[in-house]
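In order, the protein sequences belong to chains A and B. Take any residue in the first sequence, count from 1 to its spot, add 18: that is its number in our numbering. Take any residue in the second sequence, count from 1 to its spot, add 6: that is its number in our numbering.
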Amino acid sequence: MIEVENVSKWFGDFQVLDDCSTQVDKGQVVVVCGPSGSGKSTLVKCVNGLEPFQEGIITVNGVSVGAEDTNLPKLRSQIGMVFQNFELFPHMTVLENICLSQMKVLKREKDEAEERGMKLLDRVDLIDQAAKHPAHLSGGQAQRVAIARALAMDPIAMLFDEPTSALDPEMINEVLDVMVTLAQEGMTMMVITHEMGFAKQVADRVVFMDEGRIEDDAGKDEFFGEPRGGRARLFLSKILTH
Amino acid sequence: MFADFDFQVIVEAAPILWRGMLITLLLTAVAIVGGILFGTVLALMRLSRFMVLSVFSGRYVDAFRSTPLILVIFWFYFAVPYVVGRPIGDLYSVLIAFTLFEAAYYCEIIRAGIQSIRQPQVHAGLALGLSQWQTTRSIVLPQAFRNMVPVILTQAIVLFQDTSLVYVVGLKDFLTAADLVATRDNRVLELYLTAAVVYFVLCFISSMWVKRLRRQYAL
Chain A
19 MIEVENVSKW
29 FGDFQVLDDC
39 STQVDKGQVV
49 VVCGPSGSGK
59 STLVKCVNGL
69 EPFQEGIITV
79 NGVSVGAEDT
89 NLPKLRSQIG
99 MVFQNFELFP
109 HMTVLENICL
119 SQMKVLKREK
129 DEAEERGMKL
139 LDRVDLIDQA
149 AKHPAHLSGG
159 QAQRVAIARA
169 LAMDPIAMLF
179 DEPTSALDPE
189 MINEVLDVMV
199 TLAQEGMTMM
209 VITHEMGFAK
219 QVADRVVFMD
229 EGRIEDDAGK
239 DEFFGEPRGG
249 RARLFLSKIL
259 TH
Chain B
7 MFADFDFQVI
17 VEAAPILWRG
27 MLITLLLTAV
37 AIVGGILFGT
47 VLALMRLSRF
57 MVLSVFSGRY
67 VDAFRSTPLI
77 LVIFWFYFAV
87 PYVVGRPIGD
97 LYSVLIAFTL
107 FEAAYYCEII
117 RAGIQSIRQP
127 QVHAGLALGL
137 SQWQTTRSIV
147 LPQAFRNMVP
157 VILTQAIVLF
167 QDTSLVYVVG
177 LKDFLTAADL
187 VATRDNRVLE
197 LYLTAAVVYF
207 VLCFISSMWV
217 KRLRRQYAL
């Protein structure tokens with residue numbers, strides 16, 4: 019579904035991605051972890067073309083992201099993305115947030131978009147918040163709305179960029195629960211997170227990044243089971259002791 | 007000096023002053039609406055990836071911001087009929103001058119407003135499949151304008167005062183009307199005082215209103 023082949027990227031002279039290759043098969047969940055500044059967020063943003071890259075190839079469902087003639091808006095509409103800071107649109111209500119792209123991109127009628135929106139809000143347990151503005155939601159609620167907004171586009175894959183890092187501890191689980199359910203339903207997911215509990219529960223593979231390189235890319239059992247080399251072990255020991 | 011202050015003069019001049027005020031308000035309204043519309047276009051050009059648009063907009067803004075408004079009014083009064091090939095009247099030349107001049111100032115306000123919207127908001131729009139333009143229109147501009155409301159209104163108050171400069175081309179706005187009556191009836195004190203009070207009261211009330219708006223909506 020998502021193939022990343024030998025991708026390198028530079029910000030000016032600084033190399034943020036160094037020959038990265040990995041893939042996410044249909045229905046798989048791949049967790050990406052690594053210290054901050056290791057390039058994981060940049061890598062995920064390359065997948066839906068929010069960040070350009072200079073070398074390598076990324077294809078999603080057979081479509082090359084970096085190719086000149088690729089219809090990026092169309093491709094992006096098929097890939098859901100969830101951000102660290104939710105990025106709900108503050109000038110719209112919760113329901114309007116969920117309906118905007120359905121109407122503008124998928125050309126759904128307002129009624130249809132709202133019906134779909136309410137169904138998804140019900141699914142993330144927020145149906146009573148539909149008329150509120152994002153400023154009046156808790157972080158956990160906002161992130162669940164953001165997930166519903168992405169799902170409203172009927173994506174073929176979902177990207178999560180540290181979806182729980184900005185949340186208060188007591189709200190992390192309500193978001194992870196939604197993501198676990200999504201994973202169990204067979205959604206193709208690429209998830210940047212340090213929630214190793216989530217990784218152990220639903221991940222098929224874990225990718226470890228450091229200094230722009232993919233240092234480790236292994237099945238979940240292998241990743242958590244065997245002693246890992248160098249930086250990955252150090253990193254794991256640091257985040258697992260919390 | 008105030009001994010022979012005659013309120014009757016002001017009452018009699020009221021209809022003329024009112025007509026002048028209508029011209030002043032018309033000018034202000036047209037310059038605000040036109041200035042914001044054209045200013046938005048200029049701001050988008052300024053931030054465009056295309057060098058030609060960006061440079062043109064930058065030069066335009068620099069040119070107008072380096073020229074006194076009174077000169078711009080003056081020049082348009084002579085230049086526009088020359089370009090169009092026929093006289094267009096003082097009102098239209100002034101409307102055009104104000105709109106183009108204010109657009110330069112609104113461009114800078116709007117550009118700052120657009121730049122105040124964080125990049126991840128743009129990413130969120132794009133990630134949903136919205137085009138660049140849809141993202142700008144539905145996500146960036148509404149938020150930018152909301153943040154800009156106080157600055158835009160403050161600029162409008164300055165603009166309201168600046169409209170008095172049209173006296174150089176003899177357009178009968180509020181101040182020119184007051185001036186005409188003052189010299190005609192030789193009642194300088196009454197009319198200039200009235201003009202000052204009216205300008206002050208209107209601007210003061212507007213400023214208070216902007217302040218309240220700012221507090222109320224935490225802008």
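C-beta atoms are modelled at their ideal positions from N, C-alpha and C, and glycine is treated no differently.
Check: Using a Cβ-Cβ cut-off of less than 9 Å, list which residues of the segment 31 to 59 of chain B approach chain A; keep chain order.; Outcome: none
Check: Candidates A:Val62, A:Phe29, A:Gln46 and A:Met19: which alpha carbon is nearest Ile232 of chain A's?; Outcome: A:Val62
Check: Do you know offhand how far Thr111 of chain A's Cα is from Ser137 of chain B's?; Outcome: 21 Å
Check: My guess is that Val49 of chain A and Thr211 of chain A are in contact by the Cβ rule of under 8 Å, so how many angstroms apart are they, rounded?; Outcome: 6 Å
Check: CA-CA distance, Phe107 of chain A and Val90 of chain B?; Outcome: 46 Å
Check: Following the continuous beta strand (DSSP E) through Ser56 of chain A, name the residue where it begins and the one where it ends.; Outcome: Segment: none, Ser56 of chain A is in no beta strand (DSSP E) and carries neither H nor E.
Check: Could you tell me whether the Cβ atoms of Phe70 of chain B and Phe107 of chain B are closer together than 7 Å?; Outcome: yes
Check: Tell me the residue span of the beta strand (DSSP E) that contains Asn24 of chain A.; Outcome: Ile20 to Phe29
Check: Short of 7 Å Cβ to Cβ, which residues in the segment 128 to 151 of chain B face chain A?; Outcome: His129, Ala130, Leu132, Ala133, Leu134, Gly135, Leu136, Ser137, Gln140, Ser144, Ile145, Pro148 and Gln149
Check: With 7 Å set as the bound, which would you pick, yes or no: does the beta-carbon of Pro126 of chain B sit closer than that to a beta-carbon of chain A?; Outcome: yes
Check: Can you check whether the CB of Leu75 of chain B is closer than 7 Å to the CB of Asp179 of chain B?; Outcome: no
Check: Taking its Cβ as the centre, do 16 or more other Cβ atoms sit within 10 Å of Glu133 of chain A, making it buried, or is it exposed?; Outcome: exposed
Check: Going by DSSP, what residue range makes up the alpha helix (DSSP H) through Ala131 of chain A?; Outcome: Lys128 to Arg141
Check: With a threshold of 7 Å between beta carbons, is His109 of chain A in contact with chain B?; Outcome: yes
Check: Run through chain B and tell me which residues come within less than 7 Å of Leu118 of chain A, C-beta to C-beta.; Outcome: Ser144
Check: Closest Cβ-Cβ distance between Lys137 of chain A and chain B: below 7 Å?; Outcome: no
Check: Closer than 8 Å is the cut-off here; do at least three beta carbon pairs connect the segment 81 to 99 of chain A with the segment 222 to 238 of chain A?; Outcome: no
Check: Could you name the residues of the same chain whose beta carbon sits closer than 7 Å to that of Leu185 of chain A, not counting the 5 residues immediately before and after it, in chain order?; Outcome: Gly157, Gly158, Gln161 and Val193
Check: Could you pull out every residue in the same chain whose Cβ sits closer than 6 Å to the Cβ of Leu147 of chain B, ignoring the five residues on either side in sequence?; Outcome: none
Check: Beta-carbon within less than 8 Å of Val14 of chain A's beta-carbon, same chain only, minus the 5 sequence neighbours each way: which residues are those?; Outcome: Nothing about residue 14 of chain A can be reported from this structure: the residues present for chain A run from 19 to 260 only.
Check: Below 8 Å, how does it come out for the segment 35 to 42 of chain B and the segment 198 to 206 of chain B: are there three or more Cβ pairs, yes or no?; Outcome: no
Check: Determine the closest residue to Lys122 of chain A out of A:Lys92, A:Lys238, A:Met205 and A:Val78, with distance taken between C-alpha atoms.; Outcome: A:Lys92
Check: Does DSSP put Gln102 of chain A in a helix, in a strand, or in coil?; Outcome: coil
Check: Using a beta-carbon distance below 7 Å, is Arg141 of chain A in contact with chain B?; Outcome: no
Check: Specify, as a first and last residue, the run of the alpha helix (DSSP H) that Gly45 of chain B falls within.; Outcome: Phe13 to Arg52
Check: His129 of chain B: buried (16+ other C-beta within 10 angstroms of its C-beta) or exposed?; Outcome: buried
Check: Quick one: is Lys122 of chain A near chain B, going by C-beta distance under 7 Å?; Outcome: yes
Check: Name the two residues that bound the continuous beta strand (DSSP E) containing Met207 of chain A.; Outcome: Thr206 to Ile210
Check: Under the three-state reduction of DSSP, which class applies to Phe82 of chain B: helix, strand or coil?; Outcome: helix
Check: Checking the sheet assignment: what are the DSSP bridge partners for Phe178 of chain A?; Outcome: A:Val100 and A:Val209
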